[in-house]
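Notes for the one structure printed next.
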Amino acid sequence: MNFEPLLKLFKIFEKNKWTTHALYETVMLNFCNLLTNLNEQQRDLILELTDRYNWISPNELSAKLTNTLNLVEAEKLKSCKRIIVFPIMRPEDEDKVKSGHMIVYMVRGVKPFLKQYDHIQVIELIKYEDIKHDKFKADVSDQIFLVDDYLGSGETIKTTIELVLKNRTIELSQLNVIAIASQRDTIDFVKGQGIPIYFDHEEKRGITDYYETEGASEKIMIMLEIEKLIPGGSLFSLGYNKSEALITLTRTPDNTFPIFWKEHKKDGQGFKAPFPRY
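Residue numbers (this note's numbering): 162 to 439.
Structure follows, in structure tokens:
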């Protein structure tokens, strides 16, 4: 491999301002190893995808959450006395530290800086047990914020909505979904339920939404060849539920193409992914 792909990679890092990230040198090294282990056609695809990849650092999350909370209509907030913040999660994950829990605590941190929220009491509930009918009674002036950093396939938010609404004092009209980023299909699903959704970034499918049908099919085939370098890569082929995501937040969601977060092997040697999950 000549230096041209590496030069393109460095220009992408500069354009996306990734060189300001604390871990950029490690990420750059992992990218260089990956590109070295690919053929020219595969390298070109990875560089195309990297160019539109969203790497959101922990320092950026607070600003993006603030932007998202500022999208909530002033009229809605004016009549609200309490906001109940609840993490989007599967019931089996409520005893783990998930991204939704992190956003719950981040809301606490940014709320004092948002003037339109000054008159509102924020209540944090972090387990499904806490929001059951016998534990929590919603008032008509309450708003329920279901929060997470990233909404992927939509399965988890669907479960969260269903379980929260089992509390008979909570009305559908009181629910709001707050996310730093979300896939388009999930945005459409939430809106289809009649629930407002507020987000800073809409995540498109990294290949399918950027190319015509024939071109997309060709690029998908190239990606499937790349995934053969990943031990067990077929389990998350094209990202969980074929999401084709290109995003890293505090952690890289499994909706992202696995070559960006799973170890790959070449000639028996293992190489770390650019944005490893583990």
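We put the beta carbon where it would ideally sit given N, CA and C, even for glycine.
In terms of CA proximity to Y311, P248 leads the group E290, Q430, P248.
P166 is classed as buried because its beta carbon has at least 16 other beta carbons within 10 Å across all chains shown. For Q203, there is no enclosing beta strand (DSSP E); the residue is part of the alpha helix (DSSP H) that begins and ends at 201–212. Counting the other Cβ atoms within 10 Å of the Cβ of K427 gives fewer than 16, which makes it exposed. In this structure E405 does not touch S395 by the C-beta definition: roughly 15 Å separates them, more than the 8 Å allowed. Secondary structure note for D346: its alpha helix (DSSP H) is the uninterrupted segment 345–353. Secondary-structure assignment with DSSP links Q282 through a beta bridge to R243. For G355, the closest of I217, I322, L399, T369 by C-alpha to C-alpha distance is I322.
Going by C-alpha positions, T347 is about 23 Å away from V258. If you compare the alpha carbons of A340, Y289, F397, G400 with that of T227, the shortest gap goes to A340.
For G431, the enclosing beta strand (DSSP E) covers residues 430–432.
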